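Asker: Quick one: the structure is below, and I'll ask about it shortly.
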Amino acid sequence: MGFHDYIEETKNIFNRLYPDNKITDIDYEGPTIVVYTKDPELFAKRDDLVRQIAQEIRRRIAIRSDPSILLPEDQARESIEKIIPKEAGLEDIYFEPDTGEVIIELDEPSIVTARGTDYVQEIKSRTQWSPRIVRAPPMYSRTVKEVREFMREVKQERREFLHNLGVKLSGPPMVGETWVRLTALGGHSEVGRSATLVSTKNSKVLIDCGMMNVGPDADPWDAAPYLYVPEVQPLSTIDAVILTHAHLDHSGLLPLLFKYGYDGPVYMTPPTRDLAALLQNDYIKVARMEGGKVPYESKYIREELKHTITLRYGETTDITRDMRLTFYNAGHILGSASGHLHIGDGLYNVVLSGDVKFEKTWLFNPANNKFPRAETFMTESTYGGRDDYSFTREEATQTLIDVINRTHDRGGSVLIPVFAVGRSQEVMIVLEDAMRNGRIPQMDVYLDGMIMEAPAIHAAYPEYLNKELREAIMVKKENPFLSPIFKKVETRDRGRK
Numbered sequence: 003m004g005f006h007d008y009i010e011e012t013k014n015i016f017n018r019l020y021p022d023n024k025i026t027d028i029d030y031e032g033p034t035i036v037v038y039t040k041d042p043e044l045f046a047k048r049d050d051l052v053r054q055i056a057q058e059i060r061r062r063i064a065i066r067s068d069p070s071i072l073l074p075e076d077q078a079r080e081s082i083e084k085i086i087p088k089e090a091g092l093e094d095i096y097f098e099p100d101t102g103e104v105i106i107e108l109d110e111p112s113i114v115t116a117r118g119t120d121y122v123q124e125i126k127s128r129t130q131w132s133p134r135i136v137r138a139p140p141m142y143s144r145t146v147k148e149v150r151e152f153m154r155e156v157k158q159e160r161r162e163f164l165h166n167l168g169v170k171l172s173g174p175p176m177v178g179e180t181w182v183r184l185t186a187l188g189g190h191s192e193v194g195r196s197a198t199l200v201s202t203k204n205s206k207v208l209i210d211c212g213m214m215n216v217g218p219d220a221d222p223w224d225a226a227p228y229l230y231v232p233e234v235q236p237l238s239t240i241d242a243v244i245l246t247h248a249h250l251d252h253s254g255l256l257p258l259l260f261k262y263g264y265d266g267p268v269y270m271t272p273p274t275r276d277l278a279a280l281l282q283n284d285y286i287k288v289a290r291m292e293g294g295k296v297p298y299e300s301k302y303i304r305e306e307l308k309h310t311i312t313l314r315y316g317e318t319t320d321i322t323r324d325m326r327l328t329f330y331n332a333g334h335i336l337g338s339a340s341g342h343l344h345i346g347d348g349l350y351n352v353v354l355s356g357d358v359k360f361e362k363t364w365l366f367n368p369a370n371n372k373f374p375r376a377e378t379f380m381t382e383s384t385y386g387g388r389d390d391y392s393f394t395r396e397e398a399t400q401t402l403i404d405v406i407n408r409t410h411d412r413g414g415s416v417l418i419p420v421f422a423v424g425r426s427q428e429v430m431i432v433l434e435d436a437m438r439n440g441r442i443p444q445m446d447v448y449l450d451g452m453i454m455e456a457p458a459i460h461a462a463y464p465e466y467l468n469k470e471l472r473e474a475i476m477v478k479k480e481n482p483f484l485s486p487i488f489k490k491v492e493t494r495d496r497g498r499k
């Protein structure tokens, strides 16, 4: 079936079930068929029927309000501000015109969502927007705010991009002999510039596009994966890119793809989108400060964002005509994922682990190790040598505490060089916990500015944290990242006492 066939079949099914002209439009948005209606409540009451239709046509279906019935944003904002009680602590309202949703951030969302209250229904009936009530992040993140604002600015371009992607995905796969091939482009037998190509007769999917740390005087191409090999060129022939997590050895050269001709989707989790933008922009900034060569400009980071499709853990979507992707928790950093690729109609299943942490950490639950089916499992092995030994969380914590106490007793200062995203947040939690419980003396902890921005992004996505940290931040209001021991040091302050 082609694009028009799927649209026509969907339209016929809905018209048969809802003959009173309830459907105003049907269109593709990436792999999802979007059905617009002037009566969204009707479909909300019969969501079982929508699921049955989705199973029948083997496509995801989203029901959305027709834009013509939505109250203008300024009027809707005014109505919502009047409806929400003051004690709920309204922090922010932002609209998603593409989906007809309005996200309402509250300090105390339970006041609005509690049983017996009709705030949510009143917002629906007055504005026709679908309210999504969320707890306001306890920390302000400039990155999260700017990314969300940018995505709203390019909503029309994204809608066109997603429509074209949907048309491409709706075509039938090529028939004939089938095969699957994995091509190592970087990060194999080395640390850095991770990139792997998964190819079939129909499709080419690139997993990660990282960079090698080669120093400021080196040619940037020395840091790149083998993007010049025939299997990859031209870049416009790649159907999709998957990003497992935001560290630069996996994401650092992803914007370069857009500079040299790639124009397709990039799949990642929501927090990975924000963290990758933070790290990529910081990479450009630092490279310029050090006088090094910069392989791409910030406009290509914006192109990456414009083409990003976010998936939560456990969500499955078509990424090519013969591949379906599901993300699973990898336990490495915020939003890190292992990618499960279901290829063909049961032909083959591949799992690419990304970087994994197989033990519960101060921040995250351990990596998932249960997949519905996998013929090939490719895992990272940074610490996988025969004689390698990884400390347990308790052993690593005690070692750090011993070093700090020994250095403090001698009148010294402790310098802890760690990655800005991931390890630094774990160290912050360890230090805060150790000082609060008297295991090390009270002292100031000076942090690079970006290290302070990263915890704010963590706080914006509490569902990706482990249960204990999530409850401490969101329920108990005991956010370790907001401890007064932490002092932010900006670039202009470096070198001062």
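Following this note's numbering, the numbering of the sequence shown begins with 3 at its first residue and continues without gaps. Beta carbons: idealized from backbone N, C-alpha and C, even for Gly. Just so it is clear, the structure is predicted and the values come from calculations on it, not from any experiment.
What residue from 208, 156, 274 and 163 has the CA that sits closest to residue 185's CA?
Answerer: If you number the sequence shown from 1, residue 185 lands on position 183. Residue 208 is the option with its Cα nearest to residue 185.
Asker: I think residue 255 touches residue 211, with their Cβ atoms under 8 Å apart; what is that distance to the nearest whole Å?
Answerer: The sequence position of residue 255 within the sequence shown is 253, counting from 1. The sequence position of residue 211 within the sequence shown is 209, counting from 1. Between residue 211 and residue 255 the Cβ distance is about 5 Å, and since that is below 8 Å, they are a contact.
Asker: Of the choices 84, 326 and 11, whose alpha-carbon is the least far from that of residue 345?
Answerer: One-based indexing of the sequence shown puts residue 345 at position 343. The shortest C-alpha separation from residue 345 is found at 326.
Asker: Buried or exposed for residue 181, going by 16 or more other Cβ atoms inside 10 Å?
Answerer: Taking the first residue of the sequence shown as position 1, residue 181 is located at position 179. When all chains shown are included, residue 181 counts as exposed.
Asker: Could you tell me which residues DSSP puts in a beta bridge with residue 197?
Answerer: Within the sequence shown, residue 197 is the residue found at index 195, counting from 1. Answer is 188, bridged to residue 197.
Asker: Between residue 192 and residue 403, what straight-line distance do the alpha-carbon atoms span, to the nearest angstrom?
Answerer: Position 190 of the sequence shown, counted from the start, is the residue given in the question as residue 192. Position 401 of the sequence shown, counted from the start, is the residue given in the question as residue 403. Whole-angstrom Cα-Cα distance: 32 Å.
Asker: At what residue ranges does the region 107-176 contain a whole run of the beta strand (DSSP E), taking only runs of 3 or more?
Answerer: Entirely contained in the region 107-176, the beta strand (DSSP E) runs reaching 3 residues are, in chain order, 132-137.
Asker: Indicate whether residue 332 and residue 278 have their beta-carbon atoms separated by less than 8 Å.
Answerer: Here residue 332 is taken as the residue at index 330 of the sequence shown, counted from 1. Here residue 278 is taken as the residue at index 276 of the sequence shown, counted from 1. Not closer than 8 Å, so no.
Asker: Would DSSP call residue 37 helix, strand or coil?
Answerer: Position 35 of the sequence shown, counting from 1, holds the residue named residue 37. The answer is strand: DSSP assigns residue 37 an E or B state.
Asker: Looking at C-beta atoms only, is the number of pairs between the region 133-151 and the region 477-485 that lie closer than 8 Å three or more?
Answerer: yes
Asker: Note down, one range per segment and in chain order, each beta strand (DSSP E) of at least 3 residues found wholly within the region 362-443.
Answerer: 378-380
Asker: Can you confirm whether the region 431-443 touches the region 121-129 when touching is taken to mean that 3 or more C-beta pairs between the two stretches lie within less than 8 Å?
Answerer: no
Asker: By DSSP, does residue 499 sit in helix, in strand, or in coil?
Answerer: For this step, residue 499 is matched to residue 497 along the sequence shown. With a pLDDT of only 48 at residue 499, under the threshold of 50, the placement of this residue in the model should not be trusted, and no figure is reported.
Asker: On the CB-based measure, 16 or more other CB atoms within 10 Å of its CB, does residue 87 come out buried or exposed?
Answerer: Locating residue 87 in the sequence shown gives position 85, counting from the first residue. Under this definition residue 87 is an exposed residue.
Asker: Here's the rule: buried if 16 or more other CB atoms are within 10 angstroms of the residue's CB, otherwise exposed. What is residue 77?
Answerer: Walking along the sequence shown from the start, residue 77 turns up at place 75. Classification of residue 77: exposed, given that the 10 Å Cβ count is below 16.
Asker: Comparing alpha-carbon positions, which option in 135, 280, 475 and 307 lies nearest residue 114?
Answerer: For the purposes of this step, residue 114 is identified with residue 112 of the sequence shown, where counting begins at 1. Taking only the C-alpha atoms, the option nearest residue 114 is 135.
Asker: Under the rule that 16 or more other beta-carbon atoms within 10 Å means buried, what is residue 223, buried or exposed?
Answerer: As a first step, residue 223 is located in the sequence shown; it is residue number 221 there, counting from the start. Under this definition residue 223 is an exposed residue.
Asker: Is the CB-CB distance between residue 312 and residue 374 below 8 Å?
Answerer: Numbered from its first residue, the sequence shown carries residue 312 at position 310. Numbered from its first residue, the sequence shown carries residue 374 at position 372. Their beta carbons are not under 8 Å apart, which means residue 312 does not touch residue 374 by this criterion.
Asker: Within 7 Å: the Cβ of residue 238 and any heavy atom of the ligand MG?
Answerer: The ligand MG is absent from the structure shown, which contains no ligand whatsoever.
Asker: Quick check: residue 33 and residue 320, are their CB atoms within less than 8 Å of each other?
Answerer: Numbered from its first residue, the sequence shown carries residue 33 at position 31. Numbered from its first residue, the sequence shown carries residue 320 at position 318. Yes, these two residues count as a Cβ contact at 8 Å.
Asker: For residue 276, which of helix, strand or coil comes out of DSSP?
Answerer: Residue 276 sits at position 274 when you count from the first residue of the sequence shown. If DSSP states are grouped into helix, strand and coil, residue 276 belongs with the helices.
Asker: Using alpha carbons as the reference points, say which of 215, 477, 159 and 129 lies closest to residue 31.
Answerer: For the purposes of this step, residue 31 is identified with residue 29 of the sequence shown, where counting begins at 1. Measuring from the Cα of residue 31, the nearest candidate turns out to be 159.
Asker: Starting from residue 333, trace the beta strand (DSSP E) both ways and give me its first and last residue.
Answerer: In the sequence shown, residue 333 corresponds to position 331, counting from 1. Element bounds for residue 333: n/a, residue is neither H nor E.
Asker: I'd like the list of long-range same chain contacts for residue 290, defined as Cβ closer than 8 Å, with 5 residues on each side in sequence excluded.
Answerer: Within the sequence shown, residue 290 is the residue found at index 288, counting from 1. Same-chain partners within the cutoff: 296.
Asker: Determine, using beta-carbon pairs with one atom in the region 229-242 and one in the region 300-307, whether at least three such pairs fall under 8 Å.
Answerer: Short answer: they don't touch.
Asker: Once DSSP output is grouped into helix, strand and coil, what is the label at residue 354?
Answerer: Numbered from 1 along the sequence shown, position 352 holds the residue referred to as residue 354. Note: residue 354 maps to strand in three-state DSSP.
Asker: Answer with buried or exposed for residue 57, where buried requires no fewer than 16 other C-beta atoms within 10 angstroms of its C-beta.
Answerer: For the purposes of this step, residue 57 is taken as residue 55 along the sequence shown, with counting starting at 1. So residue 57 counts as exposed.
Asker: In three-state terms, what does DSSP make of residue 345?
Answerer: Within the sequence shown, residue 345 is the residue found at index 343, counting from 1. Three-state DSSP puts residue 345 in a strand.
Asker: In terms of alpha-carbon separation, which member of 67, 16 and 137 lies closest to residue 464?
Answerer: Mapped onto the sequence shown, residue 464 falls at position 462. Nearest C-alpha to residue 464: 137.
Asker: On a Cα-Cα basis, can you pick out the residue from 298, 377, 100 and 448 that is closest to residue 262?
Answerer: Residue 262 sits at position 260 when you count from the first residue of the sequence shown. Minimum Cα distance to residue 262 is reached at 298.
Asker: In the DSSP assignment, what residue or residues form a beta bridge with residue 67?
Answerer: Numbered from 1 along the sequence shown, position 65 holds the residue referred to as residue 67. The partner list for residue 67 (beta bridge, DSSP) reads 39.
Asker: Check residue 90 in the structure and name its three-state DSSP category.
Answerer: By one-based count along the sequence shown, residue 90 stands at place 88. Looking at residue 90 - three-state DSSP - the assignment turns out to be helix.
Asker: What residues match up with residue 340 in a beta bridge as DSSP calls it?
Answerer: Position 338 of the sequence shown holds residue 340. According to DSSP, which records beta bridges pairwise, residue 340 is partnered with 330.
Asker: When we look at the beta-carbon of residue 340 and count the other beta-carbons within 10 Å, is it buried (16 or more) or exposed?
Answerer: Walking along the sequence shown from the start, residue 340 turns up at place 338. Buried.
Asker: By the three-class DSSP mapping on this structure, what secondary structure does residue 183 have?
Answerer: Within the sequence shown, residue 183 is the residue found at index 181, counting from 1. Reduced to three states, the DSSP call for residue 183 is strand.
Asker: With a CB to CB cut of under 8 Å and the five nearest residues on each side skipped, what residues in its chain are close to residue 108?
Answerer: Numbered from its first residue, the sequence shown carries residue 108 at position 106. Once the five neighbours on either side are set aside, the close Cβ partners of residue 108 are 86, 90, 91, 92, 93, 114, 135, 136, 137 and 138.
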